[in-house]
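Numbering (full-length UniProt numbering), first residue to last: 1 to 303.
Just so you know, even glycine gets a beta-carbon here, dropped at the ideal spot from N, CA and C.
Data first, discussion second: the structure below is written as structure tokens.
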């Protein structure tokens with residue numbers, strides 16, 4: 001004999017009818033609809049906020065290059081009305097336009113001298129040809145030393161890598177990733193907390209050292225200068241037989257002469273502690289760093 005079917009009270013037609021008839025049931029249904037509508041409205045607003053934030057980031061990225069674009073727009077005006085009699089004046093103004101666009105003095109002088117020689121030799125005879133030659137000069141500067149992406153670490157231990165870049169570009173994180181890579185390849189890695197300016201830099205690097213199983217050299221008195229910390233790290237690397245010393249530095253803009261000179265001091269201290277160091281100087285770039293930083297990297301590596 002089949003068992004009698006059981007109808008759950010809250011699913012029975014009578015119960016459903018009573019719910020529909022009850023003012024409390026209708027009110028609950030309205031509340032559920034309002035909640036659903038409110039939830040949909042929340043996600044709509046969230047989506048709009050995300051879209052506005054993304055657009056704001058894009059606008060900020062391109063507005064960061066507005067000054068450079070405005071300064072370089074002078075080049076078009078100069079070369080449009082160029083004639084041979086005005087060569088010196090035009091080249092002087094072109095040099096000024098490059099300088100105010102943060103190309104850096106060495107790069108600007110090199111570009112203008114190259115154009116002057118080509119004009120004197122009769123290779124460039126119009127403003128359009130000078131403009132194309134200008135593009136070629138810049139492209140050559142960016143690609144002349146960048147053909148090989150492999151790190152050149154040499155044969156002497158320890159190899160020394162110096163990390164540089166602007167504030168917030170990801171230098172310390174990149175250093176941690178390098179440590180992870182080399183540790184997986186069996187290298188003995190030592191980190192140097194050369195960023196003595198940012199409060200959390202040392203703590204961040206200590207976390208990366210723990211994650212990757214690397215050792216670290218820090219400024220114990222919290223008053224040491226970056227060159228002293230880097231020198232101490234290289235000397236320890238030599239003494240204890242490390243394969244690699246990764247040197248972190250504080251972020252800085254290339255237009256700040258004093259801070260760039262500090263980097264030069266760091267480089268000289270490393271070379272004094274270990275001839276040939278640093279083996280590599282890596283410039284960490286983020287999405288807002290422009291062409292001028294690449295050019296300054298070329299200039300810095302020529303020091």
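Span of the alpha helix (DSSP H), counted from its first residue to its last, around residue i
i	result
residue 119	105-120
residue 98	87-100
residue 175	171-184
residue 210	201-212
Own chain, CB closer than 8 Å to residue i, minus 5 neighbours either side, in chain order
i	result
residue 263	164, 249, 252 and 300
residue 243	157, 158, 159, 182, 187, 188 and 189
residue 80	127
residue 212	176, 179, 180, 183 and 189
Best match in the options for proximity to residue i [C-alpha to C-alpha]
i	options	result
residue 207	143, 184, 175 and 283	175
residue 98	108, 114 and 272	108
residue 140	154, 111, 122 and 130	111
residue 94	239, 234, 134 and 233	134
residue 240	215, 116, 277 and 229	215
residue 223	136, 198 and 130	198
residue 279	273, 161 and 236	161
Helix, strand or coil at residue i [DSSP, three-state]
i	result
residue 277	coil
residue 244	strand
residue 215	strand
residue 193	coil
residue 165	strand
residue 141	helix
residue 233	helix
residue 159	strand
residue 283	strand
residue 255	coil
residue 265	helix
Residues near residue i by beta carbon distance below 7 Å, same chain, minus five either side
i	result
residue 78	90, 93 and 94
residue 86	none
Sequence-distant residues of its chain with Cβ nearer than 6 Å to residue i (five each side left out)
i	result
residue 171	163, 165 and 284
residue 275	none
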